[in-house]
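Trainee: Have a look at this one before I ask anything.
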Amino acid sequence: MPRIAGLTPFTKADTPEKDSALADSNWHSEGEEDFASKPPGEQIKRRLSGVEHPQAKKTPIWQSLTPMYIGIAGILSPDKTVMEIGLSIHDATYSVDFSVKHLHFANNEPNADEIATFVIQTIKDFSKQHLMKFVGAGVTSRLVEHSPNICGRLWRELDIVPIVFHVRSTQRLTPGRPVPKVDDQGFPVNPTGLLTPQPGEYGQKPAGITPPASNILSVAAGTAQTQAADASAPARPADEQADSAVRKAVLYFGPSGHNPRLTIGFRNEVEPDAGGRIRIVDSIEDYRSTVRDPTFNAVLHYAKILRDKKTKIAFFSSTPQGGGVALMRHALIRLLHLLGVEARWYIPSPSPAVFRTTKNNHNILQGVADASLRLTLPQQEQFTQWIEYNAKRYWLSEGGPLAAGGADVIFIDDPQMPGLIPLIRKARPEVPIIYRSHIEVRSDLIHINGSPQSEVWGYLWDRIQHADLFISHPVDKFVPDTVPIETVGLLPAATDWLDGLSKHLADWDIQYYMGIFRTLCSEIRMSKLHWPAREYIVQVARFDPAKGIPVVIDSFVKLRRKLDLKLPASQCPQLLICGHGAIDDPDASIIYSEVLALLETEEYAPYAADIVVMRIPPSDQILNALMSSAKIVLQLSSREGFEVKVSEAIHKGKPIIATRAGGIPLQVQHEKNGFLVDVGDSSAVAKHLYQLWTDPGLYKKMCDFAKQSVSDEVGTWGNAAVWMYLATKFAAGEKLKPNGKWLNDMMREDCGQPYKEGEPRLPRKVLVRPTAGGAPAPAAEYK
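When you read off a place in the sequence shown, starting at 1, and then add 16, the result is the number in our numbering.
Below is the structure:
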């Protein structure tokens, strides 16, 4: 008989003699069970794999992999020499297979690494035999207690999103608590036993609606108050616990793309990693290989101060997903929680009309909008009302982060959110407020009276001026002279080397994500990317008017015209232009359509079949796979803030060709890890592409240099150290006056970890402040 209802019966394997002596009333083992499903035959494997242009030599084979989920549980024997490990496989609809294995520890005592290695190897073997890709795992908390490093290894080595659940170890349902009562229609009868539902509240039966008998999400989340299991109750075998865990885990993934759902909690608080249930990092030691010792020590220094003083930090930005700010905040909050620092991140309720206005403001400030576009008075009023509504509804009320007793230090991101600053200043005059400006601001245009830029900046500065500190990207001309230089600090954007966008992906996982990409292309009849038979050049960026996409296409066509004179088309590169979208970016669809129209013009149509233009769903690993598999990376923005995608490409060892726009030149060492070109110079781009494509020695030299040339400043740890430094100082009542200095330098000096000779860091230059009439004047010098 199977131990999970609905599964195919199995033949029980012989149980080793050693196991029979271990069983007692508290550790009941029914022996080992192997997976029952059989691997696909060779004919099916051949159909699910393929080689483009089989006449080409040494062309890798790619395979189409089926996404699946897995539950993992472990039960330790009483004498602690054997662990029963249960694995349950789920196809997102129902459980389809399971196994039970007995792991005998080498030294007859539990070993965390042995457990993790055994589980990972078992999953890896099954995946390759059955052509499957496990995307998510439910892991029992008891197994994590015995193998604390298993979740991080599942994420790093198998690209599986691990979610930890408390799963009952006995057959008793919610020990010590009564079974909830329901009425004849399945509605809870006073489900909590604590409150009587009022009209319109949860538990009050709405007219004309018949719900399920139980709230499945509540069941999935488990109960935080589960009492100790009754020792006399029958034990649940490991495979049954694993099945319970995987059924819970599936609920945390969205309906398309097998991506974890975003979790937005009370008061519109973003809860990264499903409120901490998703565990892609086990401990701070997981980060040690990604950061140098001085930065690592600086983070620990400030984390201790913030923990000891119980400092509360709040971040505010416009969206939880899609842009660079959201990527940084997910990684930052994950790290701060791991360090025991109390930090929370809040977002407003989205408004399409307001986001259209804020995107217009963004384009105006960067100087890429139509000259007739203005921030009108009705739009200003709508913008102001939107932020006031969110503040009063979510954050200013009693118990909110902006109310009395709330956050001790407040950080405001995005030009969408400055309206919060005067509201905070009125409600809590004493609380420190730090504003971060993360886009390019055309200061030269702001100083022209009556210009669209001066109008937008005037509206924003009227609110930003009440902040205690103004953080800007470390780029000259980004800080208008209306901002007092003593309040200006410089800080670059950052990325996380362990998240799905930047971590190392195994070839097996790359095949899976490239297979998804092929499917996405075929669904909209986009040109086919012939990887791995043909290599390609990529630009990863949002579809934005400032990303220089027409220049990317023009550069590629010029390269192809040169290569066509000496190489067959099968040996020439393709071009891929791709990126995510964001809810606060309504321009993406417009620009995407414009790019497709451009490919139909007479000049570019002959090469359109080799140009792939795709908007990617919110999967970091798809973008990771596309950048990891590319030959060369482009970033040809006409206007830019910092664009940390440049450092992400360099970190992967990819030579990059990029424009001298915004913060890009700070990341590229010309002729060492890439090439810098003037904005719009497609001929120079084509020239450097030709060099890299036809000179293997130059290409390898740049690849090797790139991997070692990335500064800690653009990683999560270097970025987090600065935020914690600022929180420490401002919470203690200090009023920092950076005077245009790099905050990273100030932080490193303050904690006794100054930069050493040879340690990579971004170039330090002179901060230039535009004056009236556009003539630049140096405001501060930093080294």
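We put the CB at the ideal spot given by N, CA and C, even for glycine.
Being a predicted model, the structure only gives us computed values, none of them experimental.
Who pairs with residue 594 in a beta bridge, going by DSSP?
Mentor: In DSSP, residue 594 forms a bridge with 556 and 630.
Trainee: What is the C-beta distance between residue 537 and residue 630, in whole angstroms, given that I count them as a contact (C-beta under 8 Å)?
Mentor: About 6 Å; that satisfies the 8 Å criterion.
Trainee: Starting from the Cα of residue 700, find the closest Cα among 570, 670, 464 and 188 and give me that residue.
Mentor: Cα-wise, what sits closest to residue 700 is 570.
Trainee: By the 10 Å Cβ neighbour count, where 16 or more other Cβ atoms means buried, how is residue 405 classified, buried or exposed?
Mentor: The residue in question, residue 405, is exposed, as its Cβ has fewer than 16 Cβ neighbours within 10 Å.
Trainee: Going by DSSP, which residues form a beta bridge with residue 762?
Mentor: Residue 762 pairs with nothing; no bridge assigned.
Trainee: Leaving out five residues before and five after residue 656 in sequence, what residues of the same chain have Cβ atoms less than 8 Å from its Cβ?
Mentor: Excluding sequence neighbours, residue 656 sits near 456, 562, 675, 677, 678, 679 and 680.
Trainee: Classify residue 773: buried if its beta carbon has 16 or more other beta carbons within 10 angstroms, exposed otherwise.
Mentor: Flag for residue 773 reads exposed.
Trainee: What are the boundary residues of the beta strand (DSSP E) that includes residue 360?
Mentor: Residue 360 -> beta strand (DSSP E) spans 358 to 362.
Trainee: So what's residue 217 in DSSP terms, helix, strand or just coil?
Mentor: Any reading at residue 217 must be qualified, since the residue scores a pLDDT of 35, below 50, and its modelled position is unreliable; no value is offered.
Trainee: Identify the residues that DSSP records as bridge partners of residue 651: which are they?
Mentor: Answer by DSSP bridge pairing, in chain order: 674.
Trainee: Buried or exposed for residue 765, going by 16 or more other Cβ atoms inside 10 Å?
Mentor: Residue 765 comes out exposed.
Trainee: Just list the residues that DSSP pairs residue 84 with in beta bridges.
Mentor: Answer is 150, bridged to residue 84.
Trainee: Between residue 779 and the rest of its own chain, which residues show a CB-CB distance below 6 Å, the 5 nearest in sequence each way excluded?
Mentor: 682.
Trainee: For the alpha helix (DSSP H) holding residue 538, just list the boundary residues, first then last.
Mentor: 523 to 539 is the span of the alpha helix (DSSP H), which, as asked, contains residue 538.
Trainee: Indicate the three-state DSSP secondary structure (helix, strand or coil) for residue 806 in the structure shown.
Mentor: The chain is shown only over 17 to 799; residue 806 falls outside these bounds and no answer can be derived.
Trainee: Which residue from 454, 422 and 417 puts its Cα closest to that of residue 429?
Mentor: That would be 454, whose Cα lies nearest to the Cα of residue 429.
Trainee: Let me check one thing: in DSSP terms, what residues is residue 120 bridge-paired to?
Mentor: Looking at the DSSP assignment, residue 120 forms a beta bridge with 98.
Trainee: Who are the Cβ neighbours of residue 250 in its own chain at under 7 Å, not counting the five residues just before and after it?
Mentor: So the qualifying residues of the chain are 186 and 187.
Trainee: Pull up the DSSP beta-bridge partners for residue 451, would you.
Mentor: Note: residue 451 sits in a beta bridge opposite 428 and 486.
Trainee: Between which two residues does the beta strand (DSSP E) holding residue 690 run?
Mentor: Taken as a continuous stretch (DSSP letters only), the beta strand (DSSP E) holding residue 690 covers 690 to 693.
Trainee: Hey, would you say residue 176 sits closer than 7 Å to residue 132, going by beta carbons?
Mentor: In this structure, residue 132 does not lie closer than 7 Å to residue 176 by Cβ.
Trainee: For residue 773, name the three-state secondary structure that DSSP assigns.
Mentor: Coil at residue 773, not helix or strand.
Trainee: Sort out for me which residues DSSP pairs residue 180 with in a bridge.
Mentor: Answer is 155, bridged to residue 180.
Trainee: Distance check for residue 347 and residue 664, CA to CA, integer angstroms please.
Mentor: One C-alpha to the other measures close to 15 Å.
Trainee: Taking contact to mean 3 or more Cβ pairs, one atom from each stretch, closer than 8 Å, check whether the stretch 346 to 366 and the stretch 440 to 450 are in contact.
Mentor: No contact exists between the stretch 346 to 366 and the stretch 440 to 450.
Trainee: Pick helix, strand or coil for residue 496, following the three-state DSSP scheme.
Mentor: Of the three classes helix, strand and coil, the one that applies to residue 496 here is coil, per DSSP.
Trainee: If you reduce the DSSP assignment to three classes, tell me which class residue 285 lands in.
Mentor: Residue 285: strand per DSSP, three-state reduction.
Trainee: Quick test of your reading: residue 157 and residue 182, contact by CB under 8 Å. State the CB separation rounded to the nearest angstrom.
Mentor: Yes, residue 157 and residue 182 are in contact; Cβ-Cβ is about 5 Å, under 8 Å.
Trainee: Any chance the stretch 632 to 649 sits against the stretch 528 to 535, with 3 or more Cβ pairs inside 8 Å?
Mentor: Touching, per the Cβ criterion.
Trainee: Along the chain, which unbroken stretches of the alpha helix (DSSP H) at least 4 residues long are found entirely within the stretch 320 to 385?
Mentor: Fully enclosed alpha helix (DSSP H) runs of 4 or longer: 340 to 354 and 368 to 382.
Trainee: What does DSSP give as the partner residues of residue 114 in its beta bridges?
Mentor: According to DSSP, residue 114 bridges with 104.
Trainee: Residues bridged to residue 757 by DSSP?
Mentor: Note: residue 757 sits in a beta bridge opposite 505.
Trainee: Between residue 296 and residue 608, what straight-line distance do the alpha-carbon atoms span, to the nearest angstrom?
Mentor: So the two alpha carbons sit approximately 33 Å from each other.
Trainee: In this structure, how does DSSP classify residue 269 when only helix, strand and coil are distinguished?
Mentor: Here residue 269 sits in strand by DSSP.
Trainee: By the three-class DSSP mapping on this structure, what secondary structure does residue 622 have?
Mentor: Three-state DSSP puts residue 622 in a helix.
Trainee: May I have the straight-line CA-CA distance separating residue 761 from residue 309, to the nearest angstrom?
Mentor: Distance between the alpha carbons of residue 761 and residue 309: 15 Å.
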